[in-house]
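In what follows, a single structure is set out as C-alpha cells and then discussed.
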Amino acid sequence: MSIFSSPSEARLGSISIEPLLYCPPLPNIVAEWAAILPLICHLTGRRDDYITTGDVALRGRLSVGIFPRLGTLSGLARLLDGATKYLDYASTRGGSSRTVWDVKWGSVFPCANGASSAVISDYLMSRDKKPPQRMPETLPFQPQKNGDYDEKSASQSDYKVRPVSTSLGGGLSNPTSREEKANEEGIRRCQLLHVYRLYRTPKRHPLGDRISNLRLSRPGQIICLFIPLCLAVLLCLFGSFGSAALIICISVSELVALRVTIRRPSTYLRNNELHDACMLAASHKNATEWHLYIGDRGIVDTLLNKSMFVVPEGRSARLAARWLWFANFLQLAAMTFVAAQKGWDGVLTMALLAIHWALRWTSSSQDLARDWLAREGVDAEVRSFEFGGRYPMMGAIQVSSGSTTSRWMDNILIPHPRREAWLKILRGQEPTERLDSHDTGWLEYASEASFASAEVMRGALSI
C-alpha cells in the first residue's frame, strides 16, 4: 500500500526543496496523477486554429483565457505574423468546413468563416424548439397527363398546398396515398433543410461586453495583472514554482492580447447589392442536412463569404507575436516541469485546469453567438423542413428564391435532359425534351413536389 502513503517526497516533489510555507502530506497516487493529467489532456488539436478564428471573429479581439491549451499561444502568434495565410488555412479546416452555393449568383465557394457561422447557426437552431416540418409532395390537382404543360398550369401561384402536419411523423391529408407511395418506394434518403431568415434589429450592449470594457480600461488591466502576480508569489512560497510560472505566463499573455486591436473590415455587415441573399451551405455536395441563409445580404455575405476581422500590422503586432511565441515555449517548459516535479505543484496546476473547465462550461460558445447577435443588431427566424428527396428540396429553393440561374446546383444535381425539363417547368416554361414514360412520371412528381414545398416555405417564412 505504499502508493497511498504520504512520505515527504510526494509532498515536496522531485526536487525535494522545503517551501517557506508548510504543505500538508500528499498521497503518492494523487501526486503522480495530478502531475501528468494536464500535460496529456490539455494539448491543442487540429481544430484549434479553426476555433481560434471563430473566437476572434465573434469577440472582435484576441483572448487567451485562464489556461489555454498547449499550442494555442503559438496559434495566436501565427495569426499575428501571417493573418491572410492563417485565415485562408484555418477557417476551412477542423472537420466542420462547409461549401456554400449562392443561389442568386450561381457561384460555389468554401465558407470563409466556418467556425463563427457554425456557432451562430447552432445557437439560432437551439432557440427553435419546433420539430422539422414534413414537406408535402402532392397538390390539390395533378399536372396534365398528356404532357401538355402550359405556363398557367405550371405557375406555382396556381398551386394550392394540402394541409400538412408540422411534425416529422405527420403526413399529407391523405394518409393512404402516402402509405402506398412509401410501400412502393421503400426507405427514402430524406433531406433536412434548416432555413435562417436574417434581419436587422436595434443594437444592444450585452453584459459580456460591459465586463470586457472594464478589463480593457487601464485600472482593469492593472488589476488583472496585479492579482495573478500576487497569486504567483504565494504559490512560490508553497514551492509550486511550475504553477506560478504558468500563471505569470498566461496573465502577461492575456494583457498583451488585450492590447492588440482587431478591426472590422469596411465591408463588414454591408450589402453591396440591391437584393437579399439566398445561400445554401452544407458539409459537402452529397449531404443530407443543409442550411439555407436568406434575408439581409450584408449579414449573410459577412457570415459566409467575407472576412469578419482584420489583423493589425506594424511593430506592435510583431512584438505581440514575438511574446506569444516565447510564452508558448514558457508554457511548455512550465507544464513539463510540473509533470517532472509532481507534488503539490501538479495538484495546483490541476486545480487551475479545473477552474478553466468550469469557466468554459458556464460560458459556452453559444454565449459568444448570443452576444455577437445583440452587439451587431442581428436576429433570425429559423424553420426546419424535411423533404422526401433532393430534387423537391432544390426545386423549392429555386422557386422560392426567384433566382434566374440554376448554375449553383450543377455539382449537386448533374445536368441531364430530365433535369432541364424539370427546371423549365419551375420557370413556367414548356419542356421540349423528349422523355420516356418513366422520366415523364418522375417529372410530374418532382415538379409538383417542388411547387408544393415552395409554397409551404413561403408561408412559413413570409417570403
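Position in the sequence shown (from 1) plus 674 gives the number in this note's numbering.
Here a beta-carbon is modelled for each residue, glycine too, at the ideal position from N, C-alpha and C.
Model, not experiment: these values are computed from the prediction.
4-residue-minimum alpha helix (DSSP H) runs that sit fully inside the region 925-990, ordered along the chain: If we require 4 residues or more, the alpha helix (DSSP H) runs fully inside the region 925-990 come out as 971-978.
Report the residue from A1095, G1051, A1126 whose alpha carbon sits nearest the alpha carbon of R878. G1051
Rounded to whole angstroms, what's the CA-CA distance from S1121 to L977? Just pull it up for me. 32 Å
Which two residues bound the contiguous beta strand (DSSP E) that contains W775? 773-776
I'd like to check one pair, L866 with E1060: are the Cβ atoms closer than 8 Å? yes
Exposed or buried, S791, counting other C-beta atoms within 10 Å across all chains shown (16 or more means buried)? It is buried - the Cβ of S791 has at least 16 other Cβ atoms within 10 Å.
State the beta-bridge partners of E1060 as determined by DSSP. Partner(s): R808, L866.
Where R752 falls: helix, strand or coil (DSSP): R752: helix per DSSP, three-state reduction.
When the distance is taken between beta carbons, is V730 closer than 8 Å to I936? yes
Here's the rule I'm using: 16 or more other beta-carbon atoms within 10 Å means buried, otherwise exposed. How should H965 be labelled? buried
Under 8 Å between the Cβ atoms of V777 and C785? no
Residues bridged to R874 [DSSP beta-bridge criterion]: V1052
Straight-line gap, G1115 to R1049 (C-alpha atoms, nearest Å): 52 Å
In chain order, what residues of the same chain have a beta carbon less than 6 Å from the beta carbon of V782, not counting five sequence neighbours either side? Answer for V782: W775, listed in chain order.
What would DSSP say about S829, mapped onto helix, strand or coil? Any answer about S829 is weak, because its pLDDT of 40 lies below 50 and its placement is not dependable; what the coordinates show is given next. In the structure shown, S829 sits in coil (DSSP, three-state: anything other than H, G, I, E or B).
Which residue from Q1103, S981, S1080 puts its Cα closest to that of L732? L732 has its Cα closest to that of S981, out of Q1103, S981, S1080.
Along the chain, where does the beta strand (DSSP E) that runs through F783 open and close? Per DSSP, the unbroken beta strand (DSSP E) holding F783 starts and ends at 782-784.
Identified DSSP bridge partners for L636: Look at the range of the chain in this structure, 675 to 1137, and you will see that residue 636 is not part of it.
Between Y760 and G1062, what straight-line distance do the alpha-carbon atoms span, to the nearest angstrom? 40 Å
Please state if the CB of M1009 and the CB of L750 are separated by a distance shorter than 8 Å. With contacts defined as CB atoms closer than 8 Å, L750 and M1009 fail to qualify as a contacting pair.
At a cut of 8 Å, does the region 884-893 reach the region 1068-1083 through at least three beta carbon pairs? no
For my contact list, S925 and V1012 are in at a C-beta cut-off of 8 Å; report their separation, rounded to the angstrom. Rounded, the Cβ-Cβ distance is 17 Å, inconsistent with contact.
Helix, strand or coil: how does DSSP classify R1108 here? coil
Between A919, L1047, G788, which lies nearest to T875 when the distance is taken from Cα to Cα? Measuring from the Cα of T875, the nearest candidate turns out to be L1047.
For T726, name the three-state secondary structure that DSSP assigns. T726: helix per DSSP, three-state reduction.
Between the C-alpha atoms of R1132 and K959, what's the straight-line distance to the nearest angstrom? 24 Å
Report yes if the C-beta distance between P1066 and A1134 is below 8 Å; otherwise report no. no
Quick check on DSSP: helix, strand or coil for G821? Low confidence applies here, because G821 scores a pLDDT of 43, under 50, leaving its location unreliable and the question unanswered by this model.
Using 8 Å for Cβ pairs, my map puts G739 next to H1112. What's the rounded Cβ distance? The pair is not a contact, with the Cβ atoms about 60 Å apart (cut-off 8 Å).
If you run the structure through DSSP and keep just helix, strand and coil, what is G843? Because G843 sits at a pLDDT of 36, beneath the cut-off of 50, its placement in the model cannot be relied upon, and the following sentence gives the value as read from the coordinates. Residue state, collapsed to three classes: coil.
Can you look up L736 in the DSSP assignment and give me helix, strand or coil? coil
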